[in-house]
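So the structure is just underneath, and the comments pick up after that.
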Amino acid sequence: MNSSESKTLSFWEDDGRFSGIFSWIFTTDHKRIGLLYLYSVLSLFAVGVVIGLLMRLELIAPGSTIVGAQTYNAFFTVHGVVMIFLFVIPSIPASLGNLFLPMQLGAEDVAFPRINLLSWWLYIIGLILILISLFTGQGAPDTGWTFYVPFSEYTTTNVNVAVIGVFILGFSSILTGLNFITTIHRMRIPGMKWTKIPLFGWALYATGWIQVLATPILGITVLLIFIERTMGVGLFDPAKGGDPVLYQHLFWIYSHPAVYIMVVPAMGVVTEIIPVFARKHIFGYKAIALSSLGIAFAGSLVWAHHMFTSGMSDTAVMIFSFLTFIVAIPSAVKVFNWVATLYKGSIVLEPPLLYALAFIFLFSIGGLTGLVVGAAGTDIHVHDTYFVVGHFHYTIFGGTVFGMFGGLHYWFPKIYGKMYNKRVATTAWGILFIGFNVLYFPMLVLGIMGMPRRYFDYLPEYQLGHVVSTVGSWIVAVGLILMFYNLYRGIKNGEPAGKNPWNAATLEWTTLSPPPKLNFIEEPELTRGPYEYKGIEDDAQYQ
Amino acid sequence: MTHNINKDYIGAKIGMWLFLFTEILLFGGLFVLYSVYLHRYPDEFHLAGQELNVYFGTANTLVLLTSSFSMALSITALQKENKKLCMVLLIITMVLACVFLVNKYFEWGAKIHHGIYPDSPTLLERPKGEIIFFGLYYIMTGLHGLHVLIGALIIFVVLVLVAKNRVTSSDFVAVENTGLYWHLVDMIWIYLFPLFYLVV
Ligand code: HEM
Ligand SMILES: [Cu+2]
Chain A
456 MNSSESKTLS
466 FWEDDGRFSG
476 IFSWIFTTDH
486 KRIGLLYLYS
496 VLSLFAVGVV
506 IGLLMRLELI
516 APGSTIVGAQ
526 TYNAFFTVHG
536 VVMIFLFVIP
546 SIPASLGNLF
556 LPMQLGAEDV
566 AFPRINLLSW
576 WLYIIGLILI
586 LISLFTGQGA
596 PDTGWTFYVP
606 FSEYTTTNVN
616 VAVIGVFILG
626 FSSILTGLNF
636 ITTIHRMRIP
646 GMKWTKIPLF
656 GWALYATGWI
666 QVLATPILGI
676 TVLLIFIERT
686 MGVGLFDPAK
696 GGDPVLYQHL
706 FWIYSHPAVY
716 IMVVPAMGVV
726 TEIIPVFARK
736 HIFGYKAIAL
746 SSLGIAFAGS
756 LVWAHHMFTS
766 GMSDTAVMIF
776 SFLTFIVAIP
786 SAVKVFNWVA
796 TLYKGSIVLE
806 PPLLYALAFI
816 FLFSIGGLTG
826 LVVGAAGTDI
836 HVHDTYFVVG
846 HFHYTIFGGT
856 VFGMFGGLHY
866 WFPKIYGKMY
876 NKRVATTAWG
886 ILFIGFNVLY
896 FPMLVLGIMG
906 MPRRYFDYLP
916 EYQLGHVVST
926 VGSWIVAVGL
936 ILMFYNLYRG
946 IKNGEPAGKN
956 PWNAATLEWT
966 TLSPPPKLNF
976 IEEPELTRGP
986 YEYKGIEDDA
996 QYQ
Chain B
4 MTHNINKDYI
14 GAKIGMWLFL
24 FTEILLFGGL
34 FVLYSVYLHR
44 YPDEFHLAGQ
54 ELNVYFGTAN
64 TLVLLTSSFS
74 MALSITALQK
84 ENKKLCMVLL
94 IITMVLACVF
104 LVNKYFEWGA
114 KIHHGIYPDS
124 PTLLERPKGE
134 IIFFGLYYIM
144 TGLHGLHVLI
154 GALIIFVVLV
164 LVAKNRVTSS
174 DFVAVENTGL
184 YWHLVDMIWI
194 YLFPLFYLVV
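From first to last, the protein sequence lines stand for chains A and B. Residue numbers for the first sequence follow the working numbering, beginning at 456 and rising by one. Residue numbers for the second sequence follow the working numbering, beginning at 4 and rising by one.
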């Protein structure tokens, strides 16, 4: 094969040093690693959804329906662990971020390609440990994904293996963040000033800092759980002088910022999608870039709003309640900027934009209900009820996951060089959106009525809400199946998509779809800002 | 596109510094616990702290400081193209790391011999603050000891790399980053030492 041919070979075909499966699991190409992550996290998403559906089925009627109490406890624990640590935290940064951050910067790869591969391996090792913890020992962990002491110190289920798995996953997440920060500092194409970085890059930059600065605290916290369980030191055990509330502090110092590891990248995706489909320059570039950092910073100061009912001093409760409200400001800045970008734009309602709009709507509900749980007074009423379950599903599922699906539909033609069926994609989106609200809105109501979370049984007056919610979960399942089936069909026999089907302005759309191994055939040039659409030629290859 | 992305000196440094932040924060969680419990049990911490052997602690502090020095010198030696001296200094650093661990082994051994270890019947009879003090002592010095061990292994790896000329006077960032890591391990001990042996 001559050299010009090998240059245009896509990263799917250009195997590098190894062949077959080894050309994937030993690859240092950021696009292949991004895909490894994409397929891994989507598989774990499927696992989590199935457990979610089973939980909803159990809750269709009071009393034991399909499983008993102990199994239900294992269900919500495994559902939480899988969804949080194995799916959402790595989801967008490690998959779409890995795929597109270097290309958006005009680079060949990330700063540390081998560390990038290492973090995927660590992810797989953590995954395997968590799977082992489900099927060995004295049963799957039943503590909830938060591993709250004292129960997590004394339960005989397989917590030890699970927390070591979580520790390793944390390591993986840190390495991804470290890699992205360095990449953004060092790998930008000449001429790309900080104010010319696509806003997805800015979002990943802020996320990277949270990953690096918050995850070690989770590391030490789960390590301490392990040490307590194996050696009984007693740091969180009142009988030995310890204090369980300190555990909660340490846990949430990570886990609240982790919420922003989950959602800031999705905001970045939405910020890429909206201007493209409104054909307008993004409104308030700098405000959006800085608000990512603002969320990262303010979000690190509010952890104790999870502990209003744990017996903190009144002063602490007031301070944390106040700080929590402050995080709403940078989040609202983003929402207003998106809306202002849409205002008087020439909007093309393609599937990625539909997901982005759903993100804004659902995330707004998540945010507003967040203010209810963030205010100490109202939180006392709804704490540990289904209101909280509704709130965080609106934020994480309605926000992050819809953002990720939007990103999938947006970048799909770039990854596969093909297009999915847009009509089916729109239908699937509609089903998902309706199903989502049928599934989670009743939870908000149930919570206000007093239905506690993490219970497998309930009083008869809550049944109506639960039945509606369970039916909603089936609608969501239909929507998900249709969406993924449509994407799968697109990969198999979609129309060729061309270089730039959406006429976007960021650098990844200037190269072939799918891109060649080193991303660009010739060194790219920065001729326009990331959101300047004037003069972008219609991609002739694509009808 | 010809530049070799693996040879970005500043990039490698940024990456290492970010990693060191995470190490500091890992210990930071424990320092937070220490300060809360010190605040809660000042008297018991004072009494229990006096039981630790200051001589062991001081000796180990000197050992680590010296090793930090030899590590720094090894980098300079490599930069001045004195490969042999660099290797000797790396070996000295590694030996000092082992001395630290052996010292620690005897120190812990003596305590354990007296029945003072986590969850031991002797320890559980003591006041709560002392149980916590010794718990933190074992966890924090244990985690630090683990870092010394890992550091020694990393130094061994760069030693091999230097011997094989994979790390040279023109491409020495691996030794430099190892040095940074080693200084961090040293620095954390500089905090642990007074907290456990002197202040209380
Ligand atoms: C069809 C999809 C889903 C269904 C049917 C579902 C359903 C449920 C149910 C019934 C609970 C238990 C509430 C309780 O008893 O307290 C729950 C908890 C939870 N869900 Fe989901 N969920 C779904 C998707 C997701 C997604 C996408 C995420 C995150 C990305 C997520 C994260 C969580 C977490 C963190 C918990 C808390 C677990 C705990 O209390 O320990 N869920 N979900
Ligand atoms: Cu929070």
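Built from N, CA and C at the ideal position, the CB exists for glycine as well. Fair warning: this is a prediction, and the values are worked out from it, not measured in the lab.
For F752 of chain A, tell me which candidate among A:A783, A:A733 and A:E727 has the shortest Cα-Cα distance.
A:A783
State the Cα-Cα distance for the pair M19 of chain B and T662 of chain A, rounded to the nearest angstrom.
18 Å
Mind checking whether the beta-carbon of S607 of chain A lies closer than 7 Å to any heavy atom of ligand 1?
no
Query raised in the report: Does DSSP put T840 of chain A in a helix, in a strand, or in coil?
Result: strand
Notebook entry, point to check: Looking at the unbroken alpha helix (DSSP H) that takes in L499 of chain A, where does it start and where does it end?
Noted result: H485 to E513
Roughly how many angstroms separate the alpha carbons of M538 of chain A and I506 of chain A, rounded to a whole number? 10 Å
Using the Cα positions of H846 of chain A and G825 of chain A, report the straight-line distance between them to the nearest angstrom.
6 Å
Query raised in the report: Given that a residue counts as buried once 16 or more other Cβ atoms are within 10 Å of its Cβ, and exposed if not, what is S801 of chain A?
Result: exposed
* Does H761 of chain A come within less than 8 Å of chain B when only Cβ atoms are used? -> no
Item checked: For K989 of chain A, the three-state DSSP class (helix, strand or coil) -> coil
Notebook entry, point to check: How would you call A595 of chain A, buried or exposed, if buried means at least 16 neighbouring beta carbons within 10 angstroms?
Noted result: buried
Open item on the list: Can you tell me whether D769 of chain A is buried or exposed? The criterion is at least 16 other CB atoms within 10 Å of its CB, across all chains shown.
Closed with: exposed
Looking at A952 of chain A: is its Cβ nearer than 8 Å to the Cβ of K873 of chain A? yes
### Task
Answer with buried or exposed for Y841 of chain A, where buried requires no fewer than 16 other C-beta atoms within 10 angstroms of its C-beta.
buried
- Message: For a test of the three-state rule: what should DSSP assign to P897 of chain A, helix, strand or coil?
- Response: helix
Taking C-beta pairs closer than 9 Å, name the residues in chain A that G182 of chain B reaches, listed in chain order.
Near G182 of chain B there are no residues of chain A at all, since even the closest Cβ is about 19 Å away, more than 9 Å.
Going by DSSP, name the residue or residues bridged to K107 of chain B. In the DSSP output, where bridge partners are listed per residue, K107 of chain B has none listed.
Do we get a CB-CB distance below 8 Å when we pair A617 of chain A with the residues of chain B?
no
query: Taking the alpha carbon of I521 of chain A as the point to measure from, which residue in A:M762, A:V933, A:F911 and A:G599 has its own alpha carbon closest?
result: A:F911
Looking at C-alpha atoms only, which residue of B:I153, B:E133, B:A166 and B:A113 is the closest neighbour of D189 of chain B? B:I153
Cβ pair F706 of chain A, T601 of chain A closer than 8 Å: yes
Quiz item: Closer than 8 Å, CB to CB, is L36 of chain B near chain C or not?
Solution: The chain inventory of the structure shown lacks chain C, comprising the protein chains A and B.
| request: Anything in chain A within Cβ reach of D11 of chain B, meaning under 9 Å, just list it in chain order. | output: A566, T637, R641 and M642
*asked:* Per the DSSP calculation, E608 of chain A is bridged to which residue(s)?
replied: Partner(s): none; E608 of chain A has no beta bridge.
Below 7 Å, is the gap between the Cβ of H150 of chain B and the nearest heavy atom of ligand 2? no
* At 7 Å on the CB atoms, spell out the chain B contacts of I682 of chain A, in chain order. => I142
**Asked** Taking 7 Å as the cut-off, does the CB of V714 of chain A come closer than this to any heavy atom belonging to ligand 2?
**Response** yes
With 8 Å set as the bound, which would you pick, yes or no: does the beta-carbon of Y997 of chain A sit closer than that to a beta-carbon of chain B? Since pLDDT at Y997 of chain A reaches only 44, below the 50 mark, its modelled position is unreliable, and the value read off the structure follows with that caveat. By this cut-off, Y997 of chain A is not an interface position.
**Request:** Classify N63 of chain B as buried or exposed, calling it buried when 16 or more other Cβ atoms lie within 10 Å of its own Cβ.
**Result:** buried
ask   = Is the beta carbon of S710 of chain A sitting closer than 8 Å to the one on I750 of chain A?
value = no
| task | Examine chain B for any beta-carbon lying closer than 8 Å to the beta-carbon of T676 of chain A, and answer yes or no. | result | yes
Which residues in chain B have a C-beta closer than 9 Å to the C-beta of L705 of chain A? List them in chain order.
G32, V35 and L36
With 16 as the cutoff for other CB atoms within 10 Å, does G475 of chain A come out buried or exposed? exposed
| Who does T171 of chain B pair with in a DSSP beta bridge? | B:D174
Chain B partners of M558 of chain A, CB-CB under 7 Å?
Ordered by position in chain B, no residue passes the 7 Å Cβ test against M558 of chain A, which lies about 13 Å from the chain.
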